[in-house]
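The sequence shown begins at 77 in this note's numbering and counts up by one.
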Amino acid sequence: KMTSQIRKATRLRYFVNNLPEYDSATNLTSDSPHLKSEIQSKAVLCAFKQPCTYSRNLDGGLYVGASGIGYMFYHISKSSKFSEEKEDFLNK
Numbered sequence: 077k078m079t080s081q082i083r084k085a086t087r088l089r090y091f092v093n094n095l096p097e098y099d100s101a102t103n104l105t106s107d108s109p110h111l112k113s114e115i116q117s118k119a120v121l122c123a124f125k126q127p128c129t130y131s132r133n134l135d136g137g138l139y140v141g142a143s144g145i146g147y148m149f150y151h152i153s154k155s156s157k158f159s160e161e162k163e164d165f166l167n168k
């Protein structure tokens with residue numbers, strides 16, 4: 077009975093991925109300055125749109141909200157394409 081109560085209380089936070097698996101052989105890489113600039117501006121815009129809230133109001137774990145934005149900056153900073161901006165991304 078306790079297990080069924082837990083299942084009812086737990087929200088599912090996943091969806092079916094209909095996209096093909098990642099294949100590094102067909103990975104589209106570009107050294108386009110425009111693409112790099114676009115990624116930077118979208119990331120910063122995303123951070124500015126996220127309201128600052130106290131931790132008790134955050135929900136959803138690592139991939140959403142303020143923690144998700146922090147994780148996004150961390151992930152971008154690990155890319156060799158953004159080696160010059162690494163410190164800036166890690167200090168956001």
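Even for Gly, the Cβ is constructed at its ideal location relative to N, Cα and C.
- Assigned with DSSP and collapsed to three states, LEU111 falls in helix.
- Residue state for GLN126 is assigned as coil, using DSSP reduced to three classes.
- Boundaries for TYR98: no alpha helix (DSSP H) harbours it, and the DSSP string shows neither H nor E there.
- In this structure ILE115 touches ILE152 by the C-beta definition: roughly 7 Å separates them, less than 8 Å.
- Counting along the chain, the unbroken alpha helix (DSSP H) around LYS162 starts and ends at 162 to 166.
- The beta-carbon separation of LEU166 and TYR147, rounded to 12 Å, does not stay under the 8 Å limit for a contact.
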